[in-house]
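In the UniProt record's numbering, the protein residues as written are 1 to 402.
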Amino acid sequence: MLGLERKDTLLLIVVAAITLFAPIILNPFPAGSALAQFNAGYPDLMQRFVIFGIFAIGFNILFGLTGYLSFGHAAFLGIGSYSAVWMFKLLSMNVIPAIILSIVMAGLFALVIGFVSLRRSGIYFSILTLAFAQMSYNLAYSVLTPVTNGETGLQLTLSDPRILDGASTGGLPVTSLFGAEMRDTTTLFVGPWSWDFSVGYYFSAALMLVAFYLSVRIFRSPFGMMLRAVKSNQQRMNYTGLNTRPYTLAAFVISGMYAGLAGGLLAAMDPLAGADRMQWTASGEVVLMTILGGAGTLIGPVLGAGFIKYFENIFSKINDGILHQWFAFMPDGLENVMVAVIHPFIGKGWHLTLGIMFMLVVIFLPGGLVEGAQRTGRLFRRRDRNADHVESDAARQRAAAE
């Protein structure tokens with residue numbers, strides 16, 4: 001199906017099903033309940049899940065397949081955002097032209113940066129990409145102010161020409177998909193539960209599924225096998241007379257285009273582009289997502305992106321007031337002790353919790369969350385086999401007794 005093997009097709013179907021029903025899956029607790037704090041099924045956060053999933057999928061094509069660790073991929077995320085906002089300002093609020101321009105511009109910048117950076121490997125390549133990203137950040141923040149609007153960020157104005165849509169007269173326009181506004185949301189109420197279905201989310205999710213499918217095809221293609229060979233032993237490949245640079249450059253450009261797509265979708269969600277999206281911290285975040293989920297795996301980067309964005313947006317909102325509600329059944333002294341113990345790990349301290357979990361994953365699950373799921377699956381299969389052996393032994397003993 002779609003040129004994929006049975007296993008990959010099944011994985012794609014599972015990802016598509018989870019994506020389709022995400023508004024329901026991510027809102028398991030009734031609104032107004034004590035556990036509603038952990039619901040993540042609102043449009044803004046779900047869009048971030050899939051957008052940063054695209055970002056991580058693209059980064060995994062470079063890092064997971066070739067082993068080249070880039071610390072500057074946020075530059076392409078920012079370029080994609082700036083390109084999309086300029087398209088909204090000059091042409092139309094339709095997201096399709098903006099997304100196309102974001103991908104093209106990010107690909108062009110990736111071609112230039114990759115051509116220079118890939119002359120080195122290892123830590124030197126990582127430092128070069130970090131240097132280019134910081135150069136891009138500082139250019140966007142100060143030197144290129146006429147293009148980027150500096151620290152204020154590039155945003156829409158009433159005076160924008162918008163050639164196809166016409167200038168705005170009744171307030172700032174909103175991004176749309178052939179007339180359907182990206183922020184349009186339908187809410188379904190079933191008893192105490194409520195689920196939001198957003199145009200913006202399903203558009204972003206559809207693009208994520210396309211991006212995921214393309215990554216599967218790349219992983220299973222001869223091109224993907226060449227990239228794995230580069231990661232395994234690039235020097236040996238060079239000794240055979242094979243020039244590996246075109247392959248690594250192609251992987252770098254493809255990865256940059258994925259980042260540009262993610263940046264364009266961020267701008268489609270909120271038509272604002274700032275230099276902060278190009279900072280080194282944003283580049284480090286996608287590295288964490290990929291490693292945490294499982295570098296070199298198909299679904300791992302998506303899981304890592306969802307995990308980190310969940311912590312950032314849900315876990316960070318837990319405060320002392322919520323903790324007191326949770327532990328209200330305890331005696332006052334014990335309640336205060338529990339709140340004092342947990343306090344450093346929640347709210348603004350969520351980075352500490354994330355850091356500890358990241359350390360545990362790296363130490364005990366080098367393959368990331370995907371390895372954890374695989375180990376759990378093998379454990380259950382082993383138990384099933386042991387149970388089958390016990391049953392068969394008992395059956396043989398009964399037969400012998402008869």
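Using N, Cα and C, we set each Cβ at its ideal position, and we do this for glycine too.
Can you list, in chain order, the stretches of the alpha helix (DSSP H) that have 4 or more residues and sit fully within the region 137-191?
You should have 145-148.
Need the endpoints of the alpha helix (DSSP H) that ASP196 sits in, please.
Premise fails: ASP196 lies in the beta strand (DSSP E), 193-198, not in any alpha helix (DSSP H).
Check each candidate in ALA31, ASP8 and PHE76 and name the one with the smallest Cα separation from ALA275.
Of the candidates ALA31, ASP8 and PHE76, the one whose C-alpha sits nearest the C-alpha of ALA275 is PHE76.
May I ask you to report which of helix, strand or coil DSSP gives ALA273?
ALA273: strand per DSSP, three-state reduction.
My understanding is that LEU272 touches VAL85, with C-beta atoms under 8 Å, so please give their C-beta distance in whole angstroms.
Between VAL85 and LEU272 the Cβ distance is about 7 Å, and since that is below 8 Å, they are a contact.
Would you please state the rounded distance, in angstroms, between the beta carbons of GLN325 and GLY200? I believe it to be under 8 Å.
With 8 Å as the limit, GLN325 and GLY200 do not qualify as a contact, their Cβ atoms being about 32 Å apart.
What's the call for LYS309, buried or exposed, on a 16-neighbour Cβ count within 10 Å?
Buried: at least 16 other Cβ atoms inside 10 Å.
Confirm, please, whether the CB-CB distance from GLY264 to ILE96 is below 8 Å.
Contact flag unset, no.
Quick one: using the 10 Å Cβ neighbour count with 16 as the cut-off for buried, is ASN233 buried or exposed?
Classification of ASN233: exposed, given that the 10 Å Cβ count is below 16.
Near LEU298, what residues of its chain come up, given a Cβ to Cβ distance below 8 Å and the 5 sequence neighbours on each side ignored?
Excluding positions up to five away in sequence, the list reads ASP8, LEU11, PHE212, SER215, VAL216 and PHE219.
Under 8 Å, do LEU369 and GLY284 count as touching if we go by C-beta distance?
Contact: no.
Using CA atoms only, rank isn't needed, just tell me which of MET93, GLY150 and ALA106 is closest to SER83.
When each option's Cα is compared against that of SER83, the closest is ALA106.
State the DSSP-derived secondary structure class of ASN94, mapped to helix, strand or coil.
Correct three-state label for ASN94: strand.
Tell me the residue span of the alpha helix (DSSP H) that contains SER283.
First-last of the alpha helix (DSSP H) with SER283: 280-293.
Go ahead and label LYS317 buried or exposed: buried means 16 or more other beta carbons lie within 10 angstroms of its beta carbon, across all protein chains shown.
When all chains shown are included, LYS317 counts as exposed.
The alpha helix (DSSP H) spanning SER70 covers which residue range?
Run containing SER70: none; DSSP gives neither H nor E here.
How is ALA247 classed by DSSP in three states: helix, strand or coil?
For the record, residue 247 in the displayed sequence is Tyr; it is not Ala. Note: TYR247 maps to helix in three-state DSSP.
When you compare only the Cα positions, how much space is there between LEU288 and PHE380?
The straight-line gap from Cα to Cα measures roughly 29 Å.
Do you know offhand how far ARG245's Cα is from TYR124's?
Roughly 16 Å separates the two Cα atoms.
How many Å lie between LEU188 and ILE314 at the Cα?
Roughly 22 Å between the two C-alpha positions.
Could you tell me how far apart the beta carbons of SER126 and PHE71 are, in whole angstroms, since I believe they sit closer than 8 Å?
Contact flag correct, Cβ pair sits at about 5 Å.
Select from PRO23, ASN94 and GLY41 the residue whose C-alpha is nearest the C-alpha of MET269.
That would be ASN94, whose Cα lies nearest to the Cα of MET269.
Helix, strand or coil for TYR213? Go by DSSP, reduced to three states.
Helix at TYR213.
Rounded to the nearest angstrom, what separates LEU334 and GLN37 at their Cα positions?
So the alpha carbons of these two residues sit roughly 23 Å apart.
Under a three-way DSSP split, which group does ARG385 fall into?
Residue state, collapsed to three classes: helix.
Exposed or buried, ARG277, counting other C-beta atoms within 10 Å across all chains shown (16 or more means buried)?
ARG277 is buried by the Cβ-count criterion.
How many angstroms separate the CA atom of residue 403 from the CA atom of LEU323?
Missing from the structure shown is residue 403; the chain here goes from 1 to 402 and no further.
For THR248, which residues in the same chain have their Cβ closer than 7 Å to its Cβ, ignoring the five residues on either side in sequence?
Answer for THR248: THR66, TYR68, LEU118 and VAL230, listed in chain order.
Count the other CB atoms within 10 Å of the CB of TYR239; is the residue buried (16 or more) or exposed (fewer)?
Exposed.
In its own chain, which residues sit with a C-beta less than 7 Å from the C-beta of ALA251, not counting the 5 before and 5 after it?
Counting only Cβ-Cβ distances below 7 Å, and skipping sequence neighbours, we find ILE61, LEU62, LEU65, THR66 and LEU227.
Considering only the alpha carbon of each residue, which of ILE18, TRP193, PHE29 and GLY347 lies closest to PHE49?
Among ILE18, TRP193, PHE29 and GLY347, the Cα nearest to that of PHE49 is on ILE18.
When DSSP labels each residue in this structure, what does PRO222 get in the three-state scheme?
PRO222: helix per DSSP, three-state reduction.
Which full runs of the alpha helix (DSSP H) of 4+ residues lie inside the region 287-331, going along the chain?
Runs of the alpha helix (DSSP H) inside the region 287-331: 300-313 and 320-326.
What's the gap between the Cα of GLY304 and the Cα of ILE103?
Computed Cα separation, rounded: 23 Å.
Using only the alpha-carbon positions, how far apart do GLY347 and ASN319 sit?
Going from the Cα of GLY347 to the Cα of ASN319 covers about 6 Å.
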